[in-house]
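Just below is one structure, and these are the notes that go with it.
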């Protein structure tokens, strides 16, 4: 064997050892990181499912909140109409009560107001 053949054989042996070492390194790395990657993928799938569930729940909550706001506005309008109707229906009674009070006191509106305020305050 000539020195060139020895050098080529040595180079091939080194290349074979490098390729073999790289293959073993890849195999060991895969064996080490595969469980970690599987756990991370499982966590990712769980997280995506939870996020999708939360998005759905948030959408439903938004719809219900909108319905509650509309129902509250409707109740507010109905209450305002009922108050206005009650005030209109009570107006004749207020006028009659004021007329009776003025007749008892002698027609002085200031004195009637003072009497009403004193009664309200318990004086």
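In my numbering, the protein residues as written are 177 to 299.
Glycine residues also receive a C-beta, built at the ideal position from the N, C-alpha and C atoms.
Would you call residue i buried or exposed, if buried means 16 or more other Cβ atoms sit within 10 Å of its Cβ?
{"i": "residue 198", "result": "exposed"}
{"i": "residue 288", "result": "buried"}
Grab me the residues of residue i's own chain with a C-beta within less than 7 Å of its C-beta, minus the 5 sequence neighbours each way, in chain order.
{"i": "residue 299", "result": "none"}
Going by DSSP, what residue range makes up the alpha helix (DSSP H) through residue i?
{"i": "residue 291", "result": "285-297"}
In angstroms, rounded to a whole number, what distance separates the CA positions of residue i and residue j?
{"i": "residue 241", "j": "residue 261", "result": "30 Å"}
{"i": "residue 248", "j": "residue 254", "result": "10 Å"}
{"i": "residue 239", "j": "residue 250", "result": "17 Å"}
{"i": "residue 232", "j": "residue 226", "result": "10 Å"}
{"i": "residue 184", "j": "residue 211", "result": "41 Å"}
{"i": "residue 218", "j": "residue 224", "result": "10 Å"}
{"i": "residue 216", "j": "residue 230", "result": "21 Å"}
{"i": "residue 277", "j": "residue 291", "result": "9 Å"}
{"i": "residue 264", "j": "residue 257", "result": "11 Å"}
{"i": "residue 209", "j": "residue 237", "result": "41 Å"}
{"i": "residue 222", "j": "residue 214", "result": "12 Å"}
Looking only at its chain, what residues have a beta carbon closer than 8 Å to the beta carbon of residue i, apart from the 5 residues adjacent to it on each side?
{"i": "residue 206", "result": "none"}
Return the chain-ordered list of same chain residues with a C-beta closer than 6 Å to the C-beta of residue i, the five sequence neighbours on each side being excluded.
{"i": "residue 186", "result": "none"}
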